[in-house]
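Spelled out as structure tokens, the structure:
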């Protein structure tokens, strides 16, 4: 098992200190494909401008 978490990158670092795995829907198949020899390449997407944050009450 690999730990894919590391220090959060922008814009996620605004709300957390660790980077969760966030995938664009177009990357789902590549991420889940066990024959994919380079799954970490799927994680190299640029997330700037693709995420939206909103405040929520607890």
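Residue numbers (the numbering used here): 12 to 69. Even glycine gets a Cβ: it sits at the ideal position worked out from N, Cα and C. As the structure is a prediction and not an experimental result, all values here were calculated from the model.
Item: Alpha helix (DSSP H) containing residue 43: first to last residue?; Value: 39-43
Item: Is it true that the stretch 53-63 meets the stretch 20-37, where meeting means three or more beta-carbon pairs spaced less than 8 Å apart?; Value: yes
Item: Tell me, which residues are paired with residue 18 by DSSP?; Value: 29
Item: Compare the beta carbon distance of residue 19 and residue 30 with 7 Å and say whether it is the shorter of the two.; Value: yes
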